[in-house]
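Worksheet for the structure shown next.
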Amino acid sequence: MVKNVMDRLPLNDGYTIPGIGFGTSGISERDAEELVFKAIMRGYRLIDTASWYKNEEAVGRGIHKAVNAGISRDEIFVVSKAWKDEMGYEEATDAFNRSFDRLGLDYIDLYLIHWPSPEDGKNLDTWRALEDLTESGRVRSIGVSNFNRGELNELIKEGRIRPAVNQIPVNPSQMNADLDDFCYRNNIVTMGYSPLGAGKVNKNKQLAAIGNKYDKSPAQIALKWCVDRDVVPIPKTSHDERMKENLDIFDFELTDDDINTLNNIDEKKTVTHKEGNNQNKRHGSRR
């Protein structure tokens with residue numbers, strides 16, 4: 001379990017991933033450079049972007065700015081993704097090349113399929129492109145986002161390389177517990193986007209009550225709950241104080257009663273696609 005902002009979790013390919021990251025979805029090209037730079041200087045070591053976010057060039061500039069300020073590139077873990085219209089072997093290869101050029105880095109730490117395709121064979125063709133890209137040295141780890149168990153199973157059974165990560169929505173109102181458990185059993189790290197539930201957690205009275213015990217905000221309680229479960233949350237914010245606050249979660253411990261309360265908030269929203277409606281089971285941290 002991650003104990004401080006510099007701790008990392010092991011990936012199944014021998015690399016490691018920071019335990020919390022900074023998300024850039026919805027951040028404009030105009031603002032991304034300075035926000036990414038600030039995030040890294042604040043202590044974030046994982047930066048999540050995607051071709052769909054239309055900000056990769058600015059994200060790359062922000063990373064270079066931090067490196068020029070003295071942060072080692074090897075400390076920074078950079079994630080990008082291929083969008084829905086970039087699926088297929090050739091398409092995904094070209095998409096990666098475009099992201100690689102826009103970011104302007106020597107390598108990308110983790111490259112993901114952003115969304116699964118409903119077309120038969122398309123996910124596997126795209127995955128084979130990512131597998132081949134790892135041989136170039138320009139990407140270290142590969143994974144997926146928004147994949148359900150059936151879609152993951154196809155890649156596990158048919159692919160040469162097991163996905164290192166599945167990035168899905170995870171917060172106390174949307175645990176995705178069955179899928180998270182599946183990933184855990186198959187040595188796939190869960191990254192949690194929307195860990196603050198698009199702001200919903202700040203309005204939750206149960207989160208607020210737990211936060212009052214530790215002088216923490218509901219958002220900090222939700223992020224602590226994620227990292228205690230070995231889920232890598234990627235909160236996003238354009239506010240400097242919230243950027244700082246989101247990292248200030250390592251000086252207290254949630255009790256078993258806290259965790260039980262948080263696990264009972266779940267509204268049973270899941271990543272389903274073709275798989276059907278998986279009911280989430282409640283489970284605690286993996287301490």
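All residue numbers for the sequence shown refer to full-length UniProt numbering, where the first residue is 1 and numbers rise by one. Here a beta-carbon is modelled for each residue, glycine too, at the ideal position from N, C-alpha and C.
Look at the Cβ atom of residue i, then the Cβ atom of residue j, and state whether they are nearer than 7 Å.
i, j, result
"residue 78", "residue 108", "yes"
"residue 115", "residue 159", "no"
"residue 72", "residue 49", "no"
"residue 170", "residue 192", "yes"
"residue 175", "residue 248", "no"
"residue 258", "residue 210", "yes"
"residue 219", "residue 201", "yes"
"residue 153", "residue 188", "no"
Considering Cα atoms alone, identify which of the options is closest to residue i.
i, options, result
"residue 1", "157, 216, 184 and 208", "184"
"residue 197", "226, 62, 142 and 93", "226"
"residue 155", "117, 43 and 176", "117"
"residue 19", "75, 172 and 33", "75"
"residue 123", "175, 163 and 174", "163"
"residue 22", "13, 63 and 85", "63"
"residue 41", "68, 24 and 55", "68"
"residue 237", "14, 44 and 178", "44"
"residue 54", "82, 46 and 70", "82"
"residue 90", "133, 111, 51 and 8", "133"
"residue 110", "94, 138 and 31", "138"
"residue 161", "208, 4 and 14", "14"
"residue 242", "217, 212 and 119", "217"
"residue 121", "95, 96, 142 and 151", "151"
Could you tell me the distance, in whole angstroms, from the CA atom of residue i to the CA atom of residue j?
i, j, result
"residue 11", "residue 17", "7 Å"
"residue 6", "residue 100", "25 Å"
"residue 149", "residue 180", "10 Å"
"residue 239", "residue 140", "31 Å"
"residue 29", "residue 57", "7 Å"
"residue 244", "residue 37", "13 Å"
"residue 203", "residue 125", "43 Å"
"residue 272", "residue 146", "Note that residue 272 scores a pLDDT of 49, beneath 50, so its modelled location is shaky; the value from the coordinates is reported in the next line. Answer to the nearest angstrom: the Cα atoms are 9 Å apart."
"residue 66", "residue 26", "21 Å"
"residue 190", "residue 144", "10 Å"
"residue 34", "residue 157", "42 Å"
"residue 206", "residue 106", "45 Å"
"residue 39", "residue 4", "16 Å"
"residue 213", "residue 224", "14 Å"
"residue 235", "residue 24", "9 Å"
"residue 119", "residue 70", "46 Å"
"residue 86", "residue 215", "45 Å"
"residue 84", "residue 142", "16 Å"
"residue 256", "residue 31", "40 Å"
"residue 260", "residue 92", "42 Å"
"residue 94", "residue 8", "30 Å"
"residue 88", "residue 168", "21 Å"
With DSSP as the reference, identify every bridge partner of residue i, one or two as the case may be.
i, result
"residue 126", "Note: residue 126 sits in no beta bridge, so no partner."
"residue 81", "112"
"residue 23", "48"
"residue 133", "DSSP, once it has assigned bridges, lists no residue as partnering residue 133."
"residue 262", "Paired residue(s): none; residue 262 is not in a bridge."
"residue 191", "167 and 232"
"residue 18", "8"
"residue 174", "171"
"residue 99", "According to DSSP, residue 99 bridges with nothing at all."
"residue 142", "111"
Could you give the C-beta distance for residue i and residue j, rounded to a whole number, given that I count them as a contact under 8 Å?
i, j, result
"residue 230", "residue 254", "That belief does not hold up - the Cβ atoms of residue 230 and residue 254 are roughly 14 Å apart, past 8 Å."
"residue 103", "residue 59", "7 Å"
"residue 222", "residue 195", "6 Å"
"residue 172", "residue 262", "5 Å"
"residue 51", "residue 98", "7 Å"
Check the Cβ-Cβ distances between residue i and every residue of chain C, and say whether any is below 7 Å.
i, result
"residue 172", "No chain C appears in this structure, which consists of one protein chain only."
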